[in-house]
Amino acid sequence: MKPLQAGAYQFSLPYLSTPSYIKMHAANHPVSTVDIELHIGHQDDLLVGKEATIIIFSSHADPNYIAPMFSMVRNLWLTKLHWKIPTDKIRLIEVHTKSHDQNDWHELEMNWDYTAHRYYDPVWKSIQETAWYYQQYQEKINSYAWDAYQSFPDIGEHRPIALSQLWEKWLHKSNTPFWLLKALRSADIYIRTEKIPLPVTEVALTSLKHLTGMCVRDHNQNYVPEVTTLLITEIHKLPTIITPEDYQQVNPITSIAP
Numbered sequence: 007m008k009p010l011q012a013g014a015y016q017f018s019l020p021y022l023s024t025p026s027y028i029k030m031h032a033a034n035h036p037v038s039t040v041d042i043e044l045h046i047g048h049q050d051d052l053l054v055g056k057e058a059t060i061i062i063f064s065s066h067a068d069p070n071y072i073a074p075m076f077s078m079v080r081n082l083w084l085t086k087l088h089w090k091i092p093t094d095k096i097r098l099i100e101v102h103t104k105s106h107d108q109n110d111w112h113e114l115e116m117n118w119d120y121t122a123h124r125y126y127d128p129v130w131k132s133i134q135e136t137a138w139y140y141q142q143y144q145e146k147i148n149s150y151a152w153d154a155y156q157s158f159p160d161i162g163e164h165r166p167i168a169l170s171q172l173w174e175k176w177l178h179k180s181n182t183p184f185w186l187l188k189a190l191r192s193a194d195i196y197i198r199t200e201k202i203p204l205p206v207t208e209v210a211l212t213s214l215k216h217l218t219g220m221c222v223r224d225h226n227q228n229y230v231p232e233v234t235t236l237l238i239t240e241i242h243k244l245p246t247i248i249t250p251e252d253y254q255q256v257n258p259i260t261s262i263a264p
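Below, the structure is given as structure tokens:
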């Protein structure tokens, strides 16, 4: 089995949502997905004896759920017949609500059952602000937010434009990020539903400026945190920005003591 190449892998995995008591006998069973980032051979990991970092982005807070998800990722990617990474060389990170807030990031410590091939007994720990995976995500958010901010041509800071006018203008421009159109549509629906007396473009611009570090949200009356979350949710799905020089190929391990 060929070992994974050094770098970042992004994918999603399914899980069965907990059925409600009302629908527990229904024939349709909901299946949700969790977004995953798998990093192999990052230089900062190798310096501290780690070979892989698994990051799971989820809003699911059930502690009984997280161990099976990490187990699935490890069994699918890191326990191949000719390439196995020992437990102490795998870093486990959980992120709630696709947030860029350090308080929503946690490193987990779990035991691994070599017979059942599963993690158990998770313990959540805070991360350092200087952690490479947290800083890398901040750079991703900042970069895409800046590109999006520059897609608002000829819009003054206090001169919002109708969303319909943006659609017509942007749909004919190849350099407009499609993810921003999706995020703005979701933001528009939210603002209308909540009856917020602010133009969606004005709120979006403030959120983008916040994500790029150009302004502090507490000083802006038109800042709506939920809109920032909608933007982050779309940015999160985009390719992670990595520097190849930051990753180094990990040598295959052919066996692990039980």
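Converting from the sequence shown to this note's numbering requires adding 6 to each position, the first position being numbered 1.
Ideal Cβ positions, reconstructed from N, Cα and C, are used throughout, including at glycine.
Nearest CA to the CA of residue i: which residue from the options?
i      : options                       : result
Asn109 : Lys131, Asn148, Arg124, Leu98 : Lys131
Pro36  : Asn257, Lys95, Gln49, Leu22   : Leu22
Leu236 : Gln255, Leu10, Ser213, Asn34  : Ser213
Ala137 : Gln11, Leu53, Gln255, Val40   : Leu53
Ile133 : Gln142, Glu113, Ile46, Ile195 : Glu113
Val40  : Tyr120, Ile46, Lys201, Met75  : Met75
Thr85  : Val233, Gln156, Pro9          : Pro9
Leu304 : Asp153, Val79, His216         : Summary: the structure shown does not reach residue 304, with the chain confined to residues 7 through 264, and so no result is reported for it.
Leu19  : Gln144, Val79, His106         : Val79
Thr234 : His123, Phe184, Val209, Tyr71 : Val209
Ile42  : Gly55, Gln16, Lys56           : Gln16
Trp111 : Pro92, Ala122, Tyr120, Gln141 : Gln141
Considering only their Cβ atoms, is the gap separating residue j from residue i smaller than 7 Å?
i      : j      : result
Lys146 : Thr239 : no
Ile241 : Tyr150 : yes
Ile62  : Leu44  : no
Tyr229 : His48  : no
Tyr196 : Glu251 : no
Thr218 : Asn117 : no
So for residue i, helix, strand or coil by DSSP?
i      : result
Leu19  : strand
Asp107 : coil
Glu5   : No statement about residue 5 is possible, as the shown extent of the chain runs from 7 to 264 and does not include it.
Thr246 : coil
Tyr229 : coil
Ala14  : strand
Thr136 : coil
Val79  : helix
His48  : strand
Ala33  : coil
Phe158 : coil
Leu84  : helix
Val206 : helix
His164 : Per-residue confidence for His164 stands at a pLDDT of 45, beneath the threshold of 50, marking its modelled position as unreliable; the derived number appears in the next sentence. DSSP places His164 in coil when its eight states are reduced to three.
Thr59  : strand
Tyr196 : helix
Look at the alpha carbon of residue i and the alpha carbon of residue j, and state the distance between them as a whole number of angstroms.
i      : j      : result
Ser38  : Pro205 : 33 Å
Lys90  : Leu82  : 11 Å
Gly13  : Pro203 : 45 Å
Asn34  : Met220 : 47 Å
Asp94  : Tyr126 : 14 Å
Ile96  : Thr246 : 20 Å
Tyr27  : Leu211 : Annotation note: pLDDT 49 at Tyr27 (below 50); position unreliable, coordinate value reported separately. Cα-Cα distance, rounded: 42 Å.
Arg198 : Ser192 : 10 Å
Thr249 : Asp107 : 23 Å
Gln255 : Asp50  : 13 Å
Gln227 : Gln156 : 22 Å
Asn184 : Thr207 : Reading off the sequence shown, one finds Phe at residue 184, where the question assumed Asn. Rounded to whole angstroms, Phe184 to Thr207 spans 16 Å at the Cα level.
Asp194 : Leu187 : 10 Å
Gly215 : Phe158 : Just to set this straight, residue 215 is Lys in the shown sequence, not Gly. So the alpha carbons of these two residues sit roughly 12 Å apart.
Gln11  : Ile46  : 7 Å
Lys56  : Glu200 : 46 Å
Pro92  : Ala189 : 40 Å
Asn70  : Glu135 : 27 Å
Arg124 : Gln144 : 31 Å
Glu100 : Glu115 : 11 Å
Assuming residue i and residue j are in contact, meaning their beta carbons sit under 8 Å apart, how far apart are those beta carbons, in whole angstroms?
i     : j      : result
Ser77 : His102 : With 8 Å as the limit, Ser77 and His102 do not qualify as a contact, their Cβ atoms being about 19 Å apart.
Ala73 : Pro128 : 5 Å
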